[in-house]
Amino acid sequence: MKQRTIGDISVSAIGLGGMPMSIEGRPDEERSISTIHAALDAGVTFIDTADAYHLAAEDEVGHNELLIARALKSYGGDTSGVLVATKGGHLRPESGPWAQNGHPDYLKQAAEASATRLGVDAIGLYQYHRPDPSVPYADSIGALRELLDAGTIRMAGISNADPDQIRQANEILDGRLVSVQNQFSPKFRSSEKELVLADELGIAFLPWSPLGGITNAASLGESYEAFGRIARDRGVTPQIVCLAWELAKSPQVIPIPGASRPESITNSALAADFELTAEEFAALDA
Ligand SMILES: NC(=O)c1ccc[n+]([C@@H]2O[C@H](COP(=O)([O-])OP(=O)(O)OC[C@H]3O[C@@H](n4cnc5c(N)ncnc54)[C@H](OP(=O)(O)O)[C@@H]3O)[C@@H](O)[C@H]2O)c1
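Plus 2 on top of the position in the sequence shown (first one is 1) and you've got the numbering used here.
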């Protein structure tokens, strides 16, 4: 599969989003493990997770991190080149609503707990999940800086950040910000300015819900005419066309489509090597 870069690491151009395997509607563990193994079989070497991907907060925080750690351990092949990116600072105290905690002490403790669940000495990529309006952004990013300096995390990223926050984070981290993860899809294009800035700064842009989210992904081809038409013309799925469009927007883009079925990620992974013509790209990007 074609490769892209996050910081100093080369990863597959298509990643795997772990969320659908740990929240409402999730499959049983066996199917989730098969889904992660199918991603690895297809050449996926980048997996996105978060401590907040779980159901009951009392006893399930880190469900998705533990699942990914188990799947990597039980995989027959070499997983040493797989980059697992997790996130902290966003919480699900109960099913449904999300909350924020960007306090530096909380973030440092959350990162250590994530490292333990992932079974690693240092987290490959740790992302501040969502700005907490009650804590100055600089203080939260200061915690990422301390985690980097202490070696608890190898690389630092941010999520749900605007252009000012991207610049500010990169400054506080002394130019060591490697990624921005924002919502981006045919349904949600308003992160275009952060995508353009990531391209300018040479840092990875990781579109979340790149297919429009769990409930909209299947009907992408019906909801967005150009995506359905080009998919029919080229004999591929609209999801491949969508991910290929995102990849074509910048060499910094690495979409992380979620999956809870092996077939979904096997199909999505094909997008890495699917080339759109300039005309097709223009029609999709219009
Ligand atoms: N940073 C943040 O705040 C944030 C927020 C939301 C999500 N995320 C991350 O972004 C990842 C992706 O977002 P998402 O899972 O919300 O939405 P998504 O990737 O837009 O859609 C996920 C759904 O797409 C389906 N799918 C995937 N590939 C397909 C294909 N080739 N053909 C047909 N259907 C396909 C999957 O179906 P099946 O389940 O049937 O396999 C899955 O449920 C998450 O998993 C998570 O890691 C981050």
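We put the CB at the ideal spot given by N, CA and C, even for glycine. Everything numeric in this text was worked out from a predicted model, so none of it was measured.
A residue is called buried when at least 16 other Cβ atoms come within 10 angstroms of its Cβ; Thr47 meets this threshold and is buried. A check of alpha carbon separations from Glu26 across Glu62, Ala40, His105, Ser36 identifies Glu62 as the nearest. Within 6 Å of the C-beta of Thr239 there is at least one heavy atom belonging to ligand 1. Applying a distance threshold of 5 Å between residue Cβ atoms and the heavy atoms of ligand 1 selects Gly19, Met21, Pro22, Asp50, Ser161, Gln183, Trp210, Ser211, Leu213, Gly215, Ile216, Ala219, Gln241, Ile258, Pro259, Gly260, Ala261, Ser262, Arg263, Ser266, Asn269, Ser270, given in chain order. In the three-state reduction of the DSSP assignment, Lys89 falls in the strand class. Here the alpha carbons of Gln111 and Arg6 stand approximately 31 Å from one another.
Between Gly17 and the set Asp30, Met3, Glu202, the nearest pair of CA atoms involves Met3.
Nearest neighbour of Thr217 by Cα position, chosen from Lys189, Glu196, Ile11, turns out to be Lys189.
Taking a cut-off of 8 Å on C-beta distances, the segment 199-212 does not touch the segment 227-239, as fewer than three cross pairs fall below it. For the options Tyr130, His56, Pro106, Asp123, the alpha carbon positioned closest to that of Glu96 is the one of His56. In the structure shown, the three-state DSSP call for Asp176 is coil. In summary, Asp151 is exposed, with fewer than 16 beta-carbon neighbours lying within 10 Å of its beta-carbon over all protein chains present.
Rounded to the nearest whole angstrom, the C-alpha separation of Pro138 and Leu208 is 24 Å.
In this structure, the straight-line span from the alpha carbon of Asp287 to that of Asp164 is close to 21 Å.
The Cβ atoms of Arg147 and Gln102 lie no closer than 7 Å to each other.
In the three-state reduction of the DSSP assignment, Asp123 falls in the coil class. In the three-state scheme derived from DSSP, where H, G and I count as helix and E and B as strand, Pro209 is classed as strand. In the same chain as Thr81, and ignoring 5 residues on each side of it, the C-beta atoms closer than 6 Å to its own belong to Leu74, in chain order. At least 7 Å separates the beta-carbon of Ile168 from that of Val180. Proximity to Asp43 across Met157, Ala280, Ser14 peaks at Ser14, based on C-alpha coordinates.
Within the segment 37-84, the runs of beta strand (DSSP E) that reach at least 3 residues and sit entirely inside it are, in chain order, 48-50. Contact annotation: Ala273 and Leu245 have beta-carbon atoms nearer than 7 Å. Collapsing the DSSP output to three states places Gly230 in a helix.
For the 7 Å CB-CB criterion, Pro240 and Gly223 form a contact. The beta carbons of Glu31 and Leu68 sit about 10 Å from each other, so the pair does not count as a contact at 8 Å.
Within its own chain, the residues whose Cβ lies closer than 8 Å to the Cβ of Pro135, once the five positions on either side in sequence are excluded, are Gln102, listed in chain order. For Gln254, the secondary structure class from DSSP, reduced to helix, strand or coil, is coil.
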